[in-house]
Structure formats: structure tokens, C-alpha cells
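What follows is one structure encoded as C-alpha cells, with my remarks underneath.
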Amino acid sequence: GEQVEQLPSILRVQEGSSASINCSYEDSASNYFPWYKQEPGENPKLIIDIRSNMERKQIQELIVLLDKKAKRFSLHITDTQPGDSAMYFCAARGNAGAKLTFGGGTRLTVRP
Amino acid sequence: GALVYQYPRRTICKSGTSMRMECQAVGFQATSVAWYRQSPQKTFELIALSTVNSAIKYEQNFTQEKFPISHPNLSFSSMTVLNAYLEDRGLYLCGAYRGNYAEQFFGPGTRLTVL
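Note that the protein sequences, when read in sequence, are chains A and B.
According to this note's numbering, the first sequence is numbered sequentially starting from 1262.
According to this note's numbering, the second sequence is numbered sequentially starting from 138.
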């Protein structure tokens, strides 16, 4: 089945700088790539997603890039704020029904 | 809006006993519901995917005998953790799909502690 690797597992950045999280997948049939933010004690919330017919998507300070050839996708948070501190999970979904395979997560800390 | 509720939010059970948890979709029809477990310090493992009027698909390492699921209509699903042990502790999330898997909404989770 699909495997998703997510790096780094821990990321600390200074407020105002950018943060980048990278994910890679194995199943070339995967066509949907959501990103979730999970704050302590809370459920994961979808923050941005990208489908395989796109290479780039931006929602405010969030940018996702997809390289289908390399089977990689990434999340970039520009101008980070302390409120961006959380766990972030990438995921991939292929043609095998609705199954989402998650990456291992990245704990982002934004220092004031 | 689309909301997913889970009950209970937190629960504690004795080792060897069972615990039932519920998932309710509000504001949309949940044609499919996926149950995940997030163990301490780990990512999300898919337990099973349940689609109304179809057989429930369990992932490797998870069985119906251990995690029986009921999905009787388009707004409700429940899962029981039978004979819970320490390795079953974690956050159990239900993710309800609207329509043809276009978007998945997660509930707040049921945090299970096993003593």
C-alpha cells in the first residue's frame, strides 16, 4: 500500500521566517494531498490541499507544491507566527478508494 | 456547515474490558466514515473504512473481531474496542467523507486510556 514519509519531525523557526515541511509518497496513482494542522488536545483540521492536476496552490500564507515526477509534495508557511505552532501532518490518497495515508507528522515551534 | 461530533471525548477503561465510541455527522451526509487511531507519539493509522450499504474494509493489523463497527445510516457510526489493552490507548478519530470523498471532516476524537 501507500507509504508517506514526512520530514522533518521537529522544526523550530523564528517568528516572521518561513517554515517548510516535505513529504514523499510511493504510489504514483495518488491524486489528492491534504495537509492537516493539529493543536494539542484537538482534532486535526484541514488547512490546505492539492490535487494531482495542480503543481502549486496558495491560501494566504500557506503554499503547497506538488512534484508528481519526484512523488514529492511540500508545505511552506511564509511569515510564521506563534499561532502556527502545532503538529502538521501530510497525507496522500490514491485510487484505492478513500483511504488516506498519513505522514509521521512535524512538530513546528515558532519562537517569538 | 459540516460538523462531526464524537462521544465520549475522553474515557478510561480497565484492561480487558470494552469501550464503545460514537461518531455523528451534522450538516452533511457521511457516505463513508474512516476510523483512525493516533497512538502516543505516532501518526494516524487507519483502522477501517466504512461505507453505507457496503462491507467494512479493515486494514492490516485491525480486525472486525477486535474493532466492530456499525454504520447504520448517513449520519452515524460507532466503533467498539473489544478487550482493550495498553497498546489500544490513543486518540480515536472518525473522519467522515462528504459525497464522493471530496472532503473529509474529522471529529474531535475519543481519547482512550487503558488502566
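We put the beta carbon where it would ideally sit given N, CA and C, even for glycine.
Since the model is a prediction, treat every value here as computed from it, not as a measurement.
Contacts of residue i in chain A (Cβ-Cβ under 8 Å)
i: B/F204; result: Within chain A, no residue comes near B/F204; the closest Cβ sits about 16 Å away, beyond 8 Å.
Between the CA atoms of residue j and residue i - distance to the nearest angstrom
i: A/G1355; j: B/S155; result: 34 Å
i: A/L1307; j: B/L230; result: 14 Å
i: B/T148; j: B/F243; result: 19 Å
i: A/P1301; j: B/K179; result: 14 Å
i: A/Y1286; j: B/V170; result: 23 Å
i: A/G1277; j: B/A221; result: 45 Å
i: B/V189; j: B/L219; result: 22 Å
i: A/W1296; j: B/K151; result: 35 Å
i: A/Q1299; j: B/N210; result: 28 Å
i: B/F181; j: A/K1360; result: 12 Å
i: A/P1305; j: A/A1347; result: 10 Å
i: B/S187; j: A/M1315; result: 29 Å
i: B/Y195; j: B/T217; result: 14 Å
Below-8 Å beta-carbon distance, residue i vs any chain B residue
i: A/F1294; result: no
i: A/G1355; result: no
i: A/F1334; result: no
i: A/E1303; result: yes
When the options are compared against residue i, the one with the closest alpha-carbon
i: B/C160; options: B/Q166, B/S191, B/V189 and B/S212; result: B/S212
i: A/E1322; options: A/E1316, A/I1271 and A/Q1342; result: A/Q1342
i: A/S1291; options: A/K1298, A/G1262, A/R1273 and A/T1370; result: A/G1262
i: B/I184; options: B/N190, B/T168 and B/G227; result: B/G227
i: B/N198; options: B/A162, B/E224, B/T188 and B/F165; result: B/E224
i: B/E202; options: B/I193, B/N210 and B/P209; result: B/I193
i: B/I206; options: B/M158, B/P245, B/S176 and B/R174; result: B/M158
i: A/G1364; options: A/T1370, A/I1271 and A/A1352; result: A/A1352
Three-way DSSP call (helix, strand, coil) for residue i in this model
i: B/E224; result: helix
i: A/D1345; result: helix
i: A/L1323; result: strand
i: B/M158; result: strand
i: B/G244; result: coil
i: B/R146; result: coil
i: B/P209; result: strand
i: B/F204; result: coil
i: A/P1373; result: coil
i: B/Q175; result: strand
i: A/D1288; result: coil
i: B/G153; result: coil
i: B/V191; result: In the sequence as displayed, the identity of residue 191 of chain B is Ser instead of Val. In the structure shown, B/S191 sits in coil (DSSP, three-state: anything other than H, G, I, E or B).
i: A/E1303; result: coil
Residue-level contact to chain A via CB, residue i, 8 Å cutoff
i: B/P145; result: no
i: B/Q161; result: no
i: B/G244; result: yes
i: B/Q201; result: no
i: B/Q166; result: no
i: B/L230; result: yes
i: B/L183; result: yes
Proximal residues of chain C, C-beta to C-beta of residue i below 8 Å
i: A/G1364; result: Of the protein chains in the structure, A and B, none is chain C.
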